[in-house]
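Participant:
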Amino acid sequence: MEVVRRLRPPERYAFAVSVRPLLVPKHDPCGRLGEDGLWLAMRTPAGPASLHLARLAGELIATGHGPGAEWAADRADAIAGLRDNPGDLPTLAARHPLVARLARTFSGVRLPATGQVFPRLLRAVLEQKVTGKEAHRSYRAVCRHFGEPAPGPAGLLLPPDPAAVAATAYWEFHPFGVEQRRTETLLRVARVADRLERCADAAEATTRMTALPGIGPWTAAETVRYAYGDPDAVSVGDFHIPNTVAWALAGEPRGTDARMLELLEPFRGHRGRVCDLLALGGIQAPKFGPRMPLRSFARF
Numbered sequence: 000m001e002v003v004r005r006l007r008p009p010e011r012y013a014f015a016v017s018v019r020p021l022l023v024p025k026h027d028p029c030g031r032l033g034e035d036g037l038w039l040a041m042r043t044p045a046g047p048a049s050l051h052l053a054r055l056a057g058e059l060i061a062t063g064h065g066p067g068a069e070w071a072a073d074r075a076d077a078i079a080g081l082r083d084n085p086g087d088l089p090t091l092a093a094r095h096p097l098v099a100r101l102a103r104t105f106s107g108v109r110l111p112a113t114g115q116v117f118p119r120l121l122r123a124v125l126e127q128k129v130t131g132k133e134a135h136r137s138y139r140a141v142c143r144h145f146g147e148p149a150p151g152p153a154g155l156l157l158p159p160d161p162a163a164v165a166a167t168a169y170w171e172f173h174p175f176g177v178e179q180r181r182t183e184t185l186l187r188v189a190r191v192a193d194r195l196e197r198c199a200d201a202a203e204a205t206t207r208m209t210a211l212p213g214i215g216p217w218t219a220a221e222t223v224r225y226a227y228g229d230p231d232a233v234s235v236g237d238f239h240i241p242n243t244v245a246w247a248l249a250g251e252p253r254g255t256d257a258r259m260l261e262l263l264e265p266f267r268g269h270r271g272r273v274c275d276l277l278a279l280g281g282i283q284a285p286k287f288g289p290r291m292p293l294r295s296f297a298r299f
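Sequential numbering of the sequence shown, starting at 0, is according to numbering that gives the first Met the number 0.
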């Protein structure tokens, strides 16, 4: 089955920058971004699907493949970030010259909303307390292990099925570089994935997720930012973001979570978006000390 939908992006819409966060860097078994546009595999309520988004003149052409093609095509504008409305961001951004400049520079960037919690939550759990390279290596291994071919011609894998993940013993994740603590958290969320997917909004999803052992505000924010397109989701507990915010907004080389939230308060409603703007602008606090070493739990 194939369903095509034509979308009209706003002026200055930055397609690639907007959708890139949906994929793990360098190689994602469940998606691809290239000259031919974005390919994204998904498990929809109607069945497996692949969505292709491609720029054509002033339009964005969305093509759904597979049993879930209609669901994917109907959701395409949200996945592309076209349902995101920055609203009063320019007014709030004017409260700080750097934020105002970044908001103008990246005015075409929109926040995607996939409408799917578990795939993003799986990635967020794997990213807990490890380097990005370690987490992304584990993510690829988990996707390949549980992967099933996705519909369409892109050769993608469907994201892991929560039921299959929930039925797996924790030690089977060890060769993927995932230790017992993160694995047990992942198994817990897989068992309640259906309930999480039924949450009405980011607030309800955050409440339900953080009620689970092993899920804190960082993991919840990393999930709802892209599952619901929540522009106010702040990743409290992040290793780098408090320092970045403190340096960018107050010239302080180091910051705590409390200080970060204090500095972001004037931008409430768009606090997570402001953090994204700082990242897009390449803003980084001064670095002191050694980097976190890369490890492989699979070798322990």
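For every residue, glycine included, the Cβ atom is placed at its ideal position computed from N, Cα and C. Values in this document were obtained by computation on a predicted structure and should not be read as measured data.
Fully enclosed by the stretch 36-91, which alpha helix (DSSP H) runs are 4 residues long or longer?
Facilitator: Counting whole runs of 4 or more residues, the stretch 36-91 contains the alpha helix (DSSP H) stretches 68-78.
Participant: Residue 268 and residue 231 - do their beta-carbons sit closer together than 8 angstroms?
Facilitator: As a first step, residue 231 must be located in the sequence shown, where it is residue number 232. As a first step, residue 268 must be located in the sequence shown, where it is residue number 269. Contact flag set, yes.
Participant: Is it a yes or a no for the stretch 168-176 touching the stretch 147-157, going by three-plus beta-carbon pairs under 8 angstroms?
Facilitator: No contact exists between the stretch 168-176 and the stretch 147-157.
Participant: Can you tell me the Cα-Cα spacing of residue 107 and residue 93, whole angstroms?
Facilitator: For the purposes of this step, residue 107 is taken as residue 108 along the sequence shown, with counting starting at 1. For the purposes of this step, residue 93 is taken as residue 94 along the sequence shown, with counting starting at 1. So the two alpha carbons sit approximately 17 angstroms from each other.
Participant: Could you tell me whether the stretch 198-208 touches the stretch 125-137, using the rule of 3 or more Cβ pairs below 8 angstroms?
Facilitator: As far as the Cβ criterion goes, the stretch 198-208 does not touch the stretch 125-137, which means the pair count is below three.
Participant: Would you identify the three-state DSSP class for residue 109, choosing helix, strand or coil?
Facilitator: As a working note, residue 109 is residue 110 in the sequence shown. Correct three-state label for residue 109: coil.
Participant: Alpha carbon to alpha carbon, how far is residue 193 from residue 264? Give it in angstroms, no decimals.
Facilitator: The sequence position of residue 264 within the sequence shown is 265, counting from 1. The sequence position of residue 193 within the sequence shown is 194, counting from 1. Each residue's alpha carbon lies about 34 angstroms from the other.
Participant: Residues in its own chain within less than 6 angstroms of residue 121 by CB, not counting five upstream and five downstream?
Facilitator: Along the sequence shown, read from residue 1 onward, the residue named residue 121 stands at position 122. Around residue 121: no qualifying Cβ.
Participant: Looking at the strands, I want to know which residues DSSP matches up with residue 1.
Facilitator: Against the sequence shown, residue 1 aligns to sequence position 2. BP columns for residue 1 point to 64.
Participant: Just the C-alpha distance for residue 64 and residue 55, rounded to the nearest angstrom, thanks.
Facilitator: On the sequence shown, position 65 is the one that residue 64 refers to. On the sequence shown, position 56 is the one that residue 55 refers to. Distance between the alpha carbons of residue 64 and residue 55 is about 19 angstroms.
Participant: Where do the N-terminal and C-terminal ends of the beta strand (DSSP E) with residue 228 fall, by residue?
Facilitator: For the purposes of this step, residue 228 is taken as residue 229 along the sequence shown, with counting starting at 1. From DSSP, residue 228 is part of no beta strand (DSSP E); its letter is neither H nor E.
Participant: Alpha carbon to alpha carbon, how far is residue 113 from residue 68? Give it in angstroms, no decimals.
Facilitator: What you label residue 68 is simply residue 69 of the sequence shown in a count that begins at 1. What you label residue 113 is simply residue 114 of the sequence shown in a count that begins at 1. The straight-line gap from Cα to Cα measures roughly 14 angstroms.
Participant: Given residue 279, which residues of its chain have a CB within under 6 angstroms of its CB, disregarding the five upstream and five downstream residues?
Facilitator: For this step, residue 279 is matched to residue 280 along the sequence shown. The residues are 105.
Participant: Cβ of residue 21 within 8 angstroms of Cβ of residue 50?
Facilitator: On the sequence shown, position 22 is the one that residue 21 refers to. On the sequence shown, position 51 is the one that residue 50 refers to. Against a cut-off of 8 angstroms, the Cβ pair of residue 50 and residue 21 comes out as no contact.
Participant: Quick check on the burial criterion: 16 or more other C-beta atoms within 10 angstroms. Buried or exposed for residue 218?
Facilitator: The residue labelled residue 218 in the question sits at position 219 within the sequence shown. By the neighbour-count rule (16 or more Cβ atoms within 10 Å), residue 218 is buried.
Participant: Does the Cβ-Cβ distance between residue 28 and residue 139 come in under 8 angstroms?
Facilitator: Along the sequence shown, one-based indexing puts residue 28 at 29. Along the sequence shown, one-based indexing puts residue 139 at 140. It is a contact, given that the beta carbons lie within the stated cut-off.
Participant: So the alpha helix (DSSP H) residue 131 belongs to, where does it begin and stop?
Facilitator: For the purposes of this step, residue 131 is taken as residue 132 along the sequence shown, with counting starting at 1. Element bounds for residue 131: 131-145.
Participant: Could you tell me the alpha carbon to alpha carbon distance between residue 142 and residue 15, rounded to whole angstroms?
Facilitator: Here residue 142 refers to the residue found at position 143 when the sequence shown is read from its first residue. Here residue 15 refers to the residue found at position 16 when the sequence shown is read from its first residue. Looking at the two C-alpha atoms, the distance is approximately 23 angstroms.
Participant: Please classify residue 84 as buried or exposed, where buried requires at least 16 other C-beta atoms within 10 Å of its C-beta.
Facilitator: Taking the first residue of the sequence shown as position 1, residue 84 is located at position 85. Exposed, because fewer than 16 other Cβ atoms sit within 10 Å of the Cβ of residue 84.
Participant: Between which residues of its own chain and residue 44 is the CB-CB distance below 7 angstroms, once the five residues before and five after are set aside?
Facilitator: Position 45 of the sequence shown, counting from 1, holds the residue named residue 44. Correct list, in chain order: 70.
Participant: Using a Cβ-Cβ cut-off of 8 angstroms (strictly less than) and excluding sequence neighbours within five positions of residue 160, which residues of its own chain qualify?
Facilitator: Here the question's residue 160 lines up with position 161 in the sequence shown. Result list for residue 160: 42, 145, 147, in chain order.
Participant: To the nearest angstrom, how far is it from the Cα of residue 35 to the Cα of residue 53?
Facilitator: Position 36 of the sequence shown, counted from the first residue, corresponds to residue 35. Position 54 of the sequence shown, counted from the first residue, corresponds to residue 53. About 6 angstroms.
Participant: Let me confirm a value: residue 179 is counted as buried when at least 16 other C-beta atoms fall within 10 Å, else exposed. Which label applies?
Facilitator: Here residue 179 refers to the residue found at position 180 when the sequence shown is read from its first residue. Burial call: exposed.
Participant: Tell me the residue span of the beta strand (DSSP E) that contains residue 272.
Facilitator: Residue mapping note: residue 272 aligns to position 273 of the sequence shown, counting from 1. It is not in any beta strand (DSSP E) - residue 272 instead sits in the alpha helix (DSSP H) that spans 270-279.
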